[in-house]
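Numbering follows the numbering used here, with no gaps: position 41 of the sequence shown is 44.
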Amino acid sequence: GDDTSISNVEARMPRRIKKKRMRVDDNGQELGWEEVFDYHFPDDKDAASSNLKLLEMAAKWKKQQEEQEDDDDSDLDSDDE
4 GDDTSISNVE ARMPRRIKKK RMRVDDNGQE LGWEEVFDYH FPDDKDAASS
54 NLKLLEMAAK WKKQQEEQED DDDSDLDSDD E
């Protein structure tokens with residue numbers, strides 16, 4: 004390959020990102036920090052938007068579940084009368 008194709012391929016290679024997060028055991032005690040490696044793929048530009056869409060759908064579902072529970076509770080109250 005020539006220089007342009009090599010630079011195109013290198014631009015599409017995933018980048019390794021080092022993050023730190025607190026480790027917690029089952030009892031909730033902090034065990035210390037651990038290093039975690041995450042990979043960012045430049046071609047996944049719409050991945051963030053799909054994650055947001057998934058979160059929006061989950062919030063909508065949760066709201067519907069809460070509304071159904073409220074409706075079920077109001078039905079129980081009307082049966083007692």
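In this text, a Cβ means the ideal position worked out from N, Cα and C, and glycines have one as well.
Starting from residue i, follow the alpha helix (DSSP H) in both directions and report where the run begins and ends.
{"i": "residue 6", "result": "6-15"}
Roughly how many whole angstroms lie between the Cα atoms of residue i and residue j?
{"i": "residue 36", "j": "residue 19", "result": "19 angstroms"}
{"i": "residue 60", "j": "residue 13", "result": "35 angstroms"}
{"i": "residue 7", "j": "residue 53", "result": "31 angstroms"}
{"i": "residue 69", "j": "residue 4", "result": "58 angstroms"}
{"i": "residue 57", "j": "residue 11", "result": "31 angstroms"}
{"i": "residue 75", "j": "residue 55", "result": "30 angstroms"}
{"i": "residue 30", "j": "residue 65", "result": "28 angstroms"}
Excluding the five sequence neighbours on either side, which residues of its own chain have a C-beta within less than 8 angstroms of the C-beta of residue i, listed in chain order?
{"i": "residue 24", "result": "36, 37 and 39"}
{"i": "residue 26", "result": "33, 34, 35, 36 and 37"}
{"i": "residue 28", "result": "34"}
Mind checking which residues open and close the beta strand (DSSP E) that includes residue i?
{"i": "residue 35", "result": "33-43"}
Looking only at its chain, what residues have a beta carbon closer than 7 angstroms to the beta carbon of residue i, apart from the 5 residues adjacent to it on each side?
{"i": "residue 41", "result": "20 and 22"}
Considering only their Cβ atoms, is the gap separating residue j from residue i smaller than 8 angstroms?
{"i": "residue 46", "j": "residue 15", "result": "yes"}
Leaving out five residues on either side along the sequence, give the residues of the same chain with a beta carbon under 6 angstroms from the beta carbon of residue i.
{"i": "residue 17", "result": "42 and 44"}
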